[in-house]
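Engineer:
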Amino acid sequence: TVHDPFAMRRAGRELLSLAFIDSRNRTLRWLSAFASVDVSAARAEFDPPLWLVGHVAWFQERAIARNVQRARGGKGQRTTTLASIEPRADAWFDPSVSSREQRWRDTDVSDAHLRDYLAATLDTTLELLDKAEETDEGLHLYRLALVCEDRVVEMLAALAHAAGVGGAALKELWPIWPSRVRREP
């Protein structure tokens, strides 16, 4: 299931680290599941799965690794950011630079490249988390990034449902459906 956001509000570094790994594994399972599922019927309501998954890594990197004032928590969100490790990340995954229609058309990242970006951003996040101050302010952006990833997992489940995923594909997806989005087949 998706992490309890109320419990994560007070989570320390160790629990957050485990939750990040758990969330990323869940995100990667969804990415694999969508490789064989046609969700184009839900284009009007949802962003494409590759964009949603890439946005998770982009948000995590932008809020934490690229944010030189991350230790200030919510007060450090509106600062100048460092460059991404993926030169096209802002153009691909920043929701303020493209419409849903553009995301379906222009997100041309490959699955392997996206997986590399997901791994690199998680590694950096975990390294920085290990050194973060164990205060609400010091962990605020980490908690926020975890909530973002959990929300995307819920969106992926809703996308699968809206696209009418059924039969064998649904059975493959069923074990990883978040409990709050679970539907009867």
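Everything in the sequence shown is counted per this note's numbering, starting at 929 for the first residue and increasing by one. Even for Gly, the Cβ is constructed at its ideal location relative to N, Cα and C. Owing to the predicted nature of the structure, the values given are computational and were not obtained by experimental measurement.
(1) Rank L956, R937, A1091 and T1008 by C-alpha distance to the C-alpha of A985 and give the top, closest one.
(2) DSSP three-state label for T1052, please.
(3) I'd like to confirm the pairing. Which residues does DSSP put opposite T1009 in its beta bridges?
(4) So, at 6 Å on beta carbons, what are the nonlocal neighbours of V1109 in its own chain, with the 5 sequence-adjacent residues on each side left out?
(5) Anyone know if the C-beta pair for T1035 and Q988 falls short of 9 Å?
(6) Between E1061 and the rest of its own chain, which residues show a CB-CB distance below 7 Å, the 5 nearest in sequence each way excluded?
(7) Do the CB positions of G982 and V1037 come within less than 9 Å of each other?
(8) Need the endpoints of the alpha helix (DSSP H) that D1034 sits in, please.
(9) Using the Cα positions of V996 and L1069, report the straight-line distance between them to the nearest angstrom.
(10) Out of R952, E973, P977 and N953, state which residue places its alpha-carbon closest to the alpha-carbon of D963.
(11) Using DSSP with H/G/I as helix, E/B as strand and the rest coil, what is S968?
Structural biologist: The answer reads as follows:
(1) L956
(2) helix
(3) N995
(4) With a pLDDT of 43 at V1109, under the threshold of 50, the modelled position of that residue is not reliable, and the figure given next carries that caveat. So the qualifying residues of the chain are E1082, A1085 and A1086.
(5) no
(6) A999
(7) yes
(8) R1028 to D1034
(9) 12 Å
(10) The sequence given here places Ala at residue 963; Asp does not occur at that position. Of R952, E973, P977 and N953, the residue nearest in Cα terms is P977.
(11) helix
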